[in-house]
Every structure is written in C-alpha cells, then in structure tokens.
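Chains as they are written, first to last, in the working numbering: chain A, 7 to 165; chain B, 39 to 330.
In what follows, a structure is listed as structure tokens, so that the remarks can point back to it.
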Amino acid sequence: MSLNRTITFAVNGKKKEIAVDVRQSLLEVLREQLGMISVKQGCAVGECGACTVLLDDVPVDACLYLAIWADGRSIRTVEGESRNEMLSKVQQAFVDEGAVQCGICTPGFVMAATAFVEKHKHHKVSRHDIRRGLAGNLCRCTGYDTIVTAVQKCLEDDS
Amino acid sequence: MFNFKSYSRADSIQEAIHLLKENPEAHLIAGGTDVLVKLHKGKGDFDHLIDIHGIAELDFISQKNDGDLVIGPLSCFTHVAESALIRKHIPVLAEAILTIGGPQVRNMATIGGNLCNGVPSADSATPLIALNAVVTIAGQDGSRQLPLEDFFLGPSRVALEHHEIMTAITVSRDNYAGYSGHFFKYAMRDAMDIATIGCSAVCRVEDEVLTDLRLAYGVAAPVPIRCKDTEDKIRGRKVSTQLLNDIAEAVVDDVSPRTSWRAAKEFRLQIIATLAHRVVKQAILNAGGTIQ
Numbered sequence: 007m008s009l010n011r012t013i014t015f016a017v018n019g020k021k022k023e024i025a026v027d028v029r030q031s032l033l034e035v036l037r038e039q040l041g042m043i044s045v046k047q048g049c050a051v052g053e054c055g056a057c058t059v060l061l062d063d064v065p066v067d068a069c070l071y072l073a074i075w076a077d078g079r080s081i082r083t084v085e086g087e088s089r090n091e092m093l094s095k096v097q098q099a100f101v102d103e104g105a106v107q108c109g110i111c112t113p114g115f116v117m118a119a120t121a122f123v124e125k126h127k128h129h130k131v132s133r134h135d136i137r138r139g140l141a142g143n144l145c146r147c148t149g150y151d152t153i154v155t156a157v158q159k160c161l162e163d164d165s
Numbered sequence: 039m040f041n042f043k044s045y046s047r048a049d050s051i052q053e054a055i056h057l058l059k060e061n062p063e064a065h066l067i068a069g070g071t072d073v074l075v076k077l078h079k080g081k082g083d084f085d086h087l088i089d090i091h092g093i094a095e096l097d098f099i100s101q102k103n104d105g106d107l108v109i110g111p112l113s114c115f116t117h118v119a120e121s122a123l124i125r126k127h128i129p130v131l132a133e134a135i136l137t138i139g140g141p142q143v144r145n146m147a148t149i150g151g152n153l154c155n156g157v158p159s160a161d162s163a164t165p166l167i168a169l170n171a172v173v174t175i176a177g178q179d180g181s182r183q184l185p186l187e188d189f190f191l192g193p194s195r196v197a198l199e200h201h202e203i204m205t206a207i208t209v210s211r212d213n214y215a216g217y218s219g220h221f222f223k224y225a226m227r228d229a230m231d232i233a234t235i236g237c238s239a240v241c242r243v244e245d246e247v248l249t250d251l252r253l254a255y256g257v258a259a260p261v262p263i264r265c266k267d268t269e270d271k272i273r274g275r276k277v278s279t280q281l282l283n284d285i286a287e288a289v290v291d292d293v294s295p296r297t298s299w300r301a302a303k304e305f306r307l308q309i310i311a312t313l314a315h316r317v318v319k320q321a322i323l324n325a326g327g328t329i330q
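Right under this line is the structure:
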C-alpha cells in the first residue's frame with residue numbers, strides 16, 4: 007500500500023492541502039515543505055520542546071507527531087503570531103524581559119508560553135505553576151528566570 | 039522520516055482487530071510518544087504500524103449509572119488529569135499523571151499506551167493498580183476483562199494477544215468510594231524524568247482504624263506491583279506512627295528492585311521504605327485519619 011497521503015490543514019490561519027509521506031513528522035512537513043523554520047528539531051524525542059507548535063491551540067512536540075495526524079486540524083507556529091508587524095503579547099514580553107539568549111529554544115518556548123497564557127487567562131498562577139507549565143521546554147542557556155517573568159507579565163496584564 | 043515499511047489506519051476497534059489479524063508482525067501506534075521515539079532511535083521492530091490514533095470510540099472518560107468510572111485507553115494524559123470525574127473521585131490518578139513528561143507529552147501520550155507499553159516505570163500504572171482497576175480487552179473472539187495487576191507479565195510484556203486491543207480501563211465504585219489516596223514519584227528531576235521509584239497508596243480510615251490499604255510501586259520489581267503481604271499484615275490496625283514504621287519495614291519483603299544505571303538496588307530499597315512511610319501517611323491524612 008502506498009505511503010503517500012494528501013492532508014488538508016490550516017497553518018497559521020491559511021488552509022493548506024499538501025502531499026505527505028505517512029512516515030514524515032509534522033516537524034519535517036512544516037520545515038521542509040512549508041518553510042516554517044521557526045520549528046526547530048532539538049532532541050527529536052520529545053524532551054526539549056524546541057519543536058513545540060500549537061495543534062488546535064494545544065502545545066505538542068511536532069517531532070513526535072505524524073504529519074498525517076494533523077489532517078483537518080489547525081496548526082500555529084511562531085511565524086503566525088505577529089499581527090500587522092506587531093509582535094504578539096507573549097513575543098513582546100520575551101523581548102521586554104530579555105528572555106531570549108542564544109534563541110534556539112525561543113520559538114518553542116513562545117508557543118508553549120502562548121498556550122499557557124491563553125489557558126490561564128484571568129486565573130491566578132504562581133511562578134511555580136508557570137515553571138510546571140513550561141516544563142516541556144529546555145533552555146540550554148538556562149535563561150529560565152526571565153522567561154518565567156515574561157509569562158507572569160502577560161498574565162498580570164490580563165487580570 | 040521515521041523508518042517503517044507499512045502503515046494502515048484503523049477507525050474502529052473492529053477494524054484494528056481485523057488489521058492485527060491480517061498483519062502478524064504489525065504493532066499498534068496510539069499517541070506515538072513511545073513508538074516514534076523507538077523508531078527514531080532504531081530500537082525494536084516497528085516496521086509495520088497499525089494506527090489507532092484516530093479511533094474516537096476509545097477516547098472518552100465516563101461514569102456509569104452504578105458509579106463505576108470508565109476511561110477510554112486513547113484518552114490523552116491531559117484529558118484524564120483535567121477530567122472533573124477523575125479529579126473528584128480518583129484524584130490520585132491525576133496526581134500521578136501530572137508527573138509524567140511535560141505538558142506537550144501529556145497532550146499527546148495516551149493512558150492506554152502507557153499501560154500497554156508495559157514498562158515498570160509507567161506512572162499511570164501504580165495508582166490504577168492501587169484502585170483495583172480492571173482492563174477490558176477485545177479480540178477476534180469477543181472481549182474479556184482482567185485485573186490491571188495481572189495485565190503486566192514482565193518488562194515490556196503485557197497480557198495482550200497479537201490480535202487484541204485494550205478497550206477500557208474501569209475503576210469500580212466500591213474500589214474508590216470512601217477511599218483516599220496519595221502518589222509520589224521519586225526522580226532526579228521534577229519534570230521530564232522517569233521514576234526511580236513511584237508509589238501509590240489508596241486507603242480507608244474509619245474511627246482511626248486503617249480498615250483497608252492498597253499499596254503499589256513502580257520500578258520496585260520487573261512489573262508495577264502491589265504489596266499484598268504488607269496490606270494483609272496491617273489491615274485493621276489503629277492509625278499510628280508505629281503503624282507507618284511497621285509498613286515501611288514490611289514492604290521491603292514485597293518488592294524486588296534491581297540495580298540499573300539510574301539507581302542501585304540498595305538505594306531503591308531505601309526509597310521504597312521511605313515512601314511507604316510518607317505516602318501512606320499522606321493517604322491516611324487525606325482519608326481523615328490523624329497521626330500524632
């Protein structure tokens with residue numbers, strides 16, 4: 007049986023219909039076929055979160071997700087987060103707090119943080135809750151403190 | 039690209055069983071967080087995959103009229119941990135699940151996959167064993183039920199015939215009503231780590247008497263286990279610090295941990311005894327008991 011399939015999904019709000027191999031990860035399809043190079047391959051085994059994208063607004067590791075499973079779903083990557091040349095609230099908070107060092111983990115962190123902020127809007131969360139919410143992302147520069155502060159600022163602005 | 043040779047997708051339980059029968063070498067893939075990692079690392083035989091990721095009838099969490107809780111094996115960890123039913127009736131399962139991986143992994147990984155993978159460190163196994171969970175298994179000749187405790191046969195070996203698929207995980211009302219529990223995972227890191235030892239205690243306390251205790255461990259033996267000799271020994275005793283000391287002493291005879299790169303046997307035995315004391319204590323407190 008053929009290993010080729012056609013999938014239809016929304017990427018950053020734009021409908022895409024593309025041919026994929028069932029053996030491809032969502033990460034490979036996003037990077038190689040759609041040019042979404044913010045989606046980084048770090049560990050490739052679901053430990054570092056550098057490939058985090060939002061699948062129907064829920065963060066997943068694109069490296070451990072078959073592209074065919076995205077059929078009919080909606081994907082968000084960092085490429086789609088800014089509007090009219092304005093950074094998203096989370097992106098801006100990362101800039102303001104200096105939450106970016108070498109930058110390789112940043113797109114994954116921004117997406118995980120975006121999902122966390124959207125999920126906890128109007129909820130009181132502690133720094134510990136934020137750390138647990140971002141536990142699926144590694145920053146090898148160890149710049150966690152400013153990242154946590156950036157997320158905290160986003161949620162404070164909402165309350 | 040993952041290196042498998044054939045792929046078929048099942049949209050129903052019957053279709054999955056049919057495809058398994060047709061493909062004697064095929065493996066099921068559900069959430070993908072174990073199978074795709076093994077494929078990436080080139081471990082094991084995953085040349086032929088049957089994809090059950092999208093079987094909607096296996097993705098549910100419900101309560102029957104008699105109060106029994108039923109979890110569909112394709113429920114992802116996040117859904118189980120955030121379920122109002124689970125949090126209300128068996129919060130010990132939610133506690134355990136929230137120690138697994140990180141949010142991304144919990145959004146993808148399924149509870150049935152965790153159990154069917156059959157590793158001794160499966161964090162969802164010990165709370166479910168302590169809750170006397172029963173699994174339903176469907177095959178070509180119909181379906182059968184098995185206590186989860188008997189489902190684990192050895193490291194990465196479970197009681198599934200090739201053509202069979204887990205279709206439900208049930209915790210009956212009499213096994214959770216009136217009980218409280220606690221879970222603790224000892225690991226080197228607070229997240230994204232595999233348990234050195236996992237421990238679940240579920241108990242019932244009436245008039246300061248421990249009328250029932252069910253104590254389960256992960257990574258304390260080749261499979262997740264219950265400590266039945268200890269449970270039998272202490273059932274019916276009055277709650278006290280001495281009781282906790284006796285449990286911690288007795289439990290060592292119920293387990294058989296081994297040395298691995300993660301921890302030595304002696305260290306594991308130390309953690310097992312310490313957790314017996316702490317986890318049972320917290321479970322007793324949660325059940326309304328008092329310990330001086």
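Ideal Cβ positions, reconstructed from N, Cα and C, are used throughout, including at glycine.
Next on the checklist: Does D161 (chain B) pass the burial test, meaning 16 or more other C-beta atoms within 10 Å, or should it be called exposed?
Outcome noted: In the second sequence, counting from the first residue as 1, residue 161 (chain B) sits at position 123. Buried is the call here.
Checklist entry - Hey, does V143 (chain B) have any beta-carbon neighbour from chain A nearer than 8 Å? => result By 1-based counting over the second sequence, the position of residue 143 (chain B) is 105. Output row for V143 (chain B): interface = yes.
Item to check | Closer than 7 Å at the beta carbon, the chain A residues around A176 (chain B) | outcome: As a working mapping, residue 176 (chain B) is identified with position 138 in the second sequence. Neighbours of A176 (chain B) on chain A: none; closest Cβ ~23 Å, over 7 Å.
Item to check | With 16 other Cβ atoms within 10 Å as the buried cut-off, status of A302 (chain B) | outcome: Here residue 302 (chain B) is taken as the residue at index 264 of the second sequence, counted from 1. Flag for A302 (chain B) reads exposed.
Item to check | Status (buried if at least 16 other CB within 10 Å, exposed otherwise) for N97 (chain A) | outcome: Counted from its first residue, the first sequence places residue 97 (chain A) at position 91. The residue you asked about is not Asn; residue 97 (chain A) is Gln in the sequence shown. Burial call: buried.
Item to check | DSSP three-state assignment for H86 (chain B), whether helix, strand or coil | outcome: Taking the second sequence and counting its residues from 1, one reaches residue 86 (chain B) at position 48. The answer is strand: DSSP assigns H86 (chain B) an E or B state.
Checklist entry - When the Cα atoms are used, what is the spatial distance from D228 (chain B) to K79 (chain B)? => result Against the second sequence, residue 228 (chain B) aligns to sequence position 190. Against the second sequence, residue 79 (chain B) aligns to sequence position 41. Between the C-alpha atoms of D228 (chain B) and K79 (chain B) there is a straight-line separation of about 25 Å.
Item to check | Nearest candidate by alpha-carbon position, reference G109 (chain A), set A:F15, A:Q158, A:Y150 | outcome: In the first sequence, residue 109 (chain A) corresponds to position 103, counting from 1. By alpha-carbon distance to G109 (chain A), the top candidate from A:F15, A:Q158, A:Y150 is A:Y150.
Checklist entry - Using a threshold of 7 Å, is the CB atom of A99 (chain A) nearer than that to any non-hydrogen atom of the ligand SAM? => result Questions concerning the ligand SAM fall outside what the structure shown contains, since it holds no ligand whatsoever.
Checklist entry - Taking three-plus beta-carbon pairs below 8 Å as touching, is the segment 99-119 of chain A in contact with the segment 138-158 of chain A? => result yes
Checklist entry - Does the separation of the CB atoms of G78 (chain A) and G19 (chain A) fall below 8 Å? => result Position 72 of the first sequence, counted from the start, is the residue given in the question as residue 78 (chain A). Position 13 of the first sequence, counted from the start, is the residue given in the question as residue 19 (chain A). Cβ atoms of G78 (chain A) and G19 (chain A): not closer than 8 Å.
Checklist entry - Residues bridged to L60 (chain A) by DSSP? => result As a working mapping, residue 60 (chain A) is identified with position 54 in the first sequence. L60 (chain A) pairs with A:P65, A:R82.
Checklist entry - For the segment 239-262 of chain B, which residues have a beta carbon sitting closer than 7 Å to at least one beta carbon of chain A? => result none
Next on the checklist: Against F42 (chain B), what residues of chain A qualify as contacts under a CB-to-CB distance less than 7 Å, listed in chain order?
Outcome noted: Translated into the one-based positions of the second sequence, residue 42 (chain B) becomes position 4. Residues of chain A whose Cβ lies closer than 7 Å to the Cβ of F42 (chain B) are, in chain order, R29.
Item to check | Closer than 7 Å at the beta carbon, the chain A residues around Y45 (chain B) | outcome: Within the second sequence, the letter at position 7 stands for residue 45 (chain B). Here the neighbours are L9, V28.
Item to check | Listed by chain order, chain B residues near Y71 (chain A) by CB distance under 7 Å | outcome: Your numbering for residue 71 (chain A) matches position 65 in the first sequence. Here the neighbours are G70, M146.
Checklist entry - Could you give the C-beta distance for H65 (chain B) and L87 (chain B), rounded to a whole number, given that I count them as a contact under 8 Å? => result Here residue 65 (chain B) corresponds to residue number 27 of the second sequence, with the count starting at 1. Here residue 87 (chain B) corresponds to residue number 49 of the second sequence, with the count starting at 1. Contact flag correct, Cβ pair sits at about 6 Å.
Next on the checklist: Considering Cα atoms alone, identify which of B:N145, B:E133, B:G274, B:G110 is closest to L153 (chain B).
Outcome noted: Within the second sequence, the letter at position 115 stands for residue 153 (chain B). The shortest Cα separation from L153 (chain B) among B:N145, B:E133, B:G274, B:G110 belongs to B:G110.
Next on the checklist: Per DSSP, what are the beta-bridge partners of A239 (chain B) in this structure?
Outcome noted: Here residue 239 (chain B) is taken as the residue at index 201 of the second sequence, counted from 1. DSSP lists B:H220, B:L253 as partners of A239 (chain B).
Next on the checklist: Within a Cβ cutoff of 7 Å, which residues of the same chain sit near E187 (chain B), ignoring the five residues on either side of it in sequence?
Outcome noted: Within the second sequence, the letter at position 149 stands for residue 187 (chain B). The answer, listed in chain order, is I167, R264.
Next on the checklist: Please report the distance separating the alpha-carbon of R300 (chain B) from that of I309 (chain B).
Outcome noted: Residue numbering aside, residue 300 (chain B) sits at position 262 when the second sequence is read from its first letter. Residue numbering aside, residue 309 (chain B) sits at position 271 when the second sequence is read from its first letter. Roughly 13 Å separates the two Cα atoms.
Checklist entry - Counting contacts by CB-CB distance shorter than 8 Å, is M226 (chain B) in contact with chain A? => result Your numbering for residue 226 (chain B) matches position 188 in the second sequence. In terms of beta-carbon proximity, M226 (chain B) stays away from the interface with chain A, with every pair separated by 8 Å or more.
Next on the checklist: Give me the chain A residues within the contact set of A112 (chain B), using Cβ-Cβ distance strictly less than 8 Å, ordered along the chain.
Outcome noted: The residue labelled residue 112 (chain B) in the question sits at position 74 within the second sequence. Reading the sequence as shown, one finds Leu at residue 112 (chain B) and not Ala. Those do not exist, as L112 (chain B) stays about 12 Å from chain A at its closest Cβ, beyond 8 Å.
Checklist entry - What in chain A is Cβ-close to L74 (chain B), meaning under 7 Å? => result Numbered from 1 along the second sequence, position 36 holds the residue referred to as residue 74 (chain B). Within chain A, L70 have C-beta atoms less than 7 Å from the C-beta of L74 (chain B), given in sequence order.
Checklist entry - Skipping 5 residues on each side, what residues in its chain have a beta carbon closer than 8 Å to that of S31 (chain A)? => result If you number the first sequence from 1, residue 31 (chain A) lands on position 25. Sequence-distant Cβ neighbours of S31 (chain A) in its own chain, meaning closer than 8 Å and more than five residues away, are A68, C69, L70, Y71, L72, A73.
Checklist entry - Using DSSP with H/G/I as helix, E/B as strand and the rest coil, what is F42 (chain B)? => result Counting from 1 along the second sequence, the entry for residue 42 (chain B) is found at position 4. F42 (chain B) falls in the coil class under three-state DSSP.
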